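One line per chain: the protein sequences are A and B, in this order.
Here the first sequence is numbered in our numbering, starting from 1 and rising by one per residue.
Here the second sequence is numbered in our numbering, starting from 1001 and rising by one per residue.
Note that the Cβ used here is the ideal one computed from N, Cα and C, for glycine as well.
Since the model is a prediction, treat every value here as computed from it, not as a measurement.
Presented below is the structure to which this report refers.
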Amino acid sequence: MAVANHVGPRALSPGLPRPNPWTLALGVVWLAAFVAGLAGLAERLSNGHQAADYGSYLTWGLWVAVYQYLIEMAAGAFLIAAAISLLRIRPMERFVPASLLLAITSLLAGILTVWVDLGRMERFWRVIFYPNWSSIIAWVVVAYTAFLIVAAVALWFSLRAPLAERASGHGWRASVAKLLLFGRRDTSSAARARDMKVVRVLLVIGLLPAIGFSGGEGALFGVVGSRAYWNSPIFPIAFLASAIVTAGAVLTVLGAFFLPGRARTNGHGVVFLARLTLGALLALLVLEFAQYSVGLYGSIPAQQDAYEEILQGRYWWNFWILHLVGGAAIPLAIFALRSASPRWLTGASFLAGAGMFSVRLNAVIPGQVLPQLEGIERAFADPRLTFDYFPSPMEWLVSLFVASVGVLLFYAGYQLLPIGAPAEAEEPHPAALQGGE
Amino acid sequence: MTKASRRRFLAGAAGLSAVAAGSAIGRAAPATAASEGSPASLTALREQNLLGALQERASGTGPGFGLPSAISVPVIPEADILPLIAEPGNDATLARMQEELARALEKPIGERRWTMAIDLKKCIGCSACTVACIAENHLPPGVVYRPVLEEESGVYPNVTRRFTPRPCMQCDEPPCVPVCPVSATYKRPDGVVEIDYSKCIGCRYCMMACPYAARYFDFGEHYTDGTPERQPYEESPAPEYQRDWSRESVEGVVRKCQFCVHRLNAGMLPACVATCIGGATYFGDGNDPESLVNELLASGRAVRLKEELGTKPKVFYLV
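See below:
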């Protein structure tokens, strides 16, 4: 792998993106999303779940899909940071702090989503203080907590030296840096090397909760014996693959458009991330094929029905058009035809990442549309007792709110912290840039 | 028709039926958990028979039951009430189940095993049990503990319809219990799967795990929403598990059938059993070898829903 070898400190300096029409436009879009999302949140908080379209037979809706998407993004970002750091992929190390920040902020946004989805939001603390250890949800909450602590400490160590450098300057960012340093201002090579060692140890430790809650989210579905589609051991593994795709796609787009030094130094990083993303997508498709083919060819009608519902049922367009065509076939075709172009690969990654949302929807909703008892939806007439579902405007708006909060958290971190600055003092050796170490 | 307009359409009919049934079906005077099973309370239970409870309810003096003051409820003579209790099914059968219930209550709670048997050949699909349950437990829209499934089979002229009431199965191996992240749902010593509404966080994972779709999320809706005035009967507390659950306290939580344990502990059969027109629903103590339900289970006609899952329901169907 070749990479631009003049990585000056100027190119890596953090700071606000230069104000330009695009930045302004993005700011306006964010503000509109946030304000609209607030309206949805107000409806949710004042009238509970009444404006939601799900009911008691199809009871998990859009918010659970959004929650899982964000949780997978967090796990994937951490796994990518760990892979870069542990495998010593030096040209990619500038992505480690960005990955960790993405992991933390997307996890927080995901937790916010599932909090809004609770019927009694004020009782969320019971999961922490009175957990039932036979429930996977209790375990994933433990994993979230451990993950947040480990990721935050790892992020701090990965940024300590750049923060120390920033603290010697002036302005509010320098003040923030001083505050965050806790007096540890050593910027020597030895101190930086120590920091990186600690980061690697933390990333190893964090693998357990990251894999735990990512796979755990899959297991959360996989263990539900009453739903033929979900009750599959392949779900936890498929969730891990989709986690890499989701986070890889976001990091690719961030690297291409937003992270400092994008023009000269991130090009090959973007290519690397895009290839990783599309590789994981390919793996996910293989897993999906295994799951679907076994389910369809098995001679158990209840299982066949579930898969046929996904392929030919009311949400067929979600699987065939959004997931397979938009989120898989087109990105992989781009990869095949333009495998060296950062721009094309960024576009392909974006599509793959967006397509993962349809995968999440596909995991949550079609799995519920088959009645546990035939005719149950006709036994009592009530709008809440049907298998018809399409997210209501309130559900979309709350999802928009959560997404805008996630963006806000990441942007705040990006502004406060020297994201994108390398923790290592020395320039990477060109030889190391070719193939890892 | 949108969901909102369907809701408005249904509100009238369902609300009316809830009022009608609520005025006829009694709720037991609550016994405290501490007194449950004690000899003194059992004596009291015997003295306070079903008739007395119904009279109390009809006169509007029952504790915790708030009938709107504008509605005057006449005191119904005993002669008129008795047919309501006994006539629909079989006098002797109901009396026997009632006696067995009292016998079971003399035992410690851990030695009882509440069991239900539903004779599918007797069920006529009238849904009286469904409505009685809604009235008894003051259920809001979208929450129905005992729907009756209809199934048509055969080819004309040999066609038949089968009705399958579906209460909570009160499984011995309930898949809904281990998935609850806060232990808000658990098996009671008498085998009833209980939900503590004050602990439930409303994550709805238990609803996913239930193979019988027997759990319902309370969206906090009212039948008379969108009408000039929300009616007081919709705000009356739910009596489940012998507690008066205010309307607000059960909004946003998962609810389900609990075999009317508040009635059982007052010496009364579950509302669905007491109101079954065809006498198709039987109830009793599965640990009592001489109970009617045990006789029926030994008839060779008893099957359970989704037996292959190994959930061991305590609701049996006689086919």
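Within the region 1257-1281 of chain B, no residue has its Cβ closer than 9 Å to any Cβ of chain A. The Cβ neighbour count for Q312 of chain A, taken over all protein chains shown within 10 Å, is under 16; the residue is labelled exposed. W230 of chain A places its beta carbon less than 8 Å from that of F221 of chain A. Using a Cβ distance threshold of 8 Å, C1203 of chain B and C1176 of chain B do not count as a contacting pair. Judged by DSSP secondary structure, K1187 of chain B falls within the beta strand (DSSP E) whose first and last residues are 1185-1187. Annotation: the continuous beta strand (DSSP E) that includes A1117 of chain B extends over 1114-1119.
Under the DSSP assignment, V1193 of chain B falls in the beta strand (DSSP E) whose first and last residues are 1193-1195. Counting only residues of its own chain and dropping the five nearest sequence neighbours on each side, F319 of chain A has a CB closer than 7 Å to the CB of I310, L311, N362. Residue-level contact by beta carbon fails for E1194 of chain B and chain A, as no gap is shorter than 8 Å. Listed along the chain, the chain B residues whose CB falls inside 7 Å of the CB of I365 of chain A amount to none; the nearest CB is some 12 Å away. Around the beta carbon of K1256 of chain B, 16 or more other beta carbons sit within 10 angstroms, so the residue counts as buried. Taking C-beta separations shorter than 7 Å and ignoring five residues to either side along the sequence, the partners of A167 of chain A in its chain run A174, A177, K178, L181, R185, following chain order. As computed with DSSP, K1256 of chain B is found in a beta bridge with B:R1215.
Ranked by Cα distance from G1252 of chain B, the options B:L1297, B:I1277, B:Y1197 are led by B:Y1197. Exclusion of the five residues before and after W115 of chain A leaves M121, F124 as the residues of its chain whose Cβ lies within less than 7 Å of its Cβ. Beta-bridge pairing by DSSP links V114 of chain A to no other residue. Around the beta carbon of N1265 of chain B, 16 or more other beta carbons lie within 10 angstroms, which makes this residue buried. With contacts defined as CB atoms closer than 8 Å, A51 of chain A and S392 of chain A qualify as a contacting pair. About 26 Å separates the beta carbons of P418 of chain A and L112 of chain A, which is beyond the 8 Å limit, so they are not a contact pair. Here D1285 of chain B is bridged, per DSSP, to B:W1114. Annotation: G218 of chain A to R1096 of chain B spans about 50 Å, alpha carbon to alpha carbon. One Cα belongs to L278 of chain A, the other to A1117 of chain B, and the distance between them is close to 56 Å. Judged by DSSP in its simplified three-state form, E1151 of chain B adopts strand. Listed along the chain, the chain B residues whose CB falls inside 7 Å of the CB of Q372 of chain A are P1211, Y1212, A1213.
The contact set of T1130 of chain B on chain A, defined by CB atoms closer than 9 Å, consists of A379, F380 in chain order. Against chain B, the CB of W60 of chain A has a partner CB under 8 Å away; the residue lies at that interface.
L108 of chain A has a beta carbon lying at 8 Å or more from every beta carbon in chain B.
Residues of the region 124-136 of chain A with a C-beta less than 8 Å from any C-beta of chain B: F124, R126, V127, Y130, P131, N132, S134, S135, I136, listed in chain order.
In its chain, beyond the 5 residues on either side, A51, M394 have a beta carbon closer than 7 Å to the beta carbon of E43 of chain A. Within the same chain, and ignoring the five residues on either side of Q372 of chain A in sequence, the residues whose Cβ sits closer than 7 Å to its Cβ are S226. When Cβ-Cβ separations below 8 Å define contact, I1118 of chain B makes no contact with chain A. In the DSSP assignment, V1315 of chain B falls within the unbroken beta strand (DSSP E) covering 1315-1318. Chain A places no beta carbon closer than 8 Å to that of C1126 of chain B, leaving this residue out of the contacts. Counted as a single uninterrupted DSSP element, the alpha helix (DSSP H) harbouring T346 of chain A occupies residues 342-364. Counting the other Cβ atoms within 10 Å of the Cβ of H1262 of chain B gives 16 or more, which makes it buried.
In the DSSP assignment, N1158 of chain B forms a beta bridge with B:V1155.
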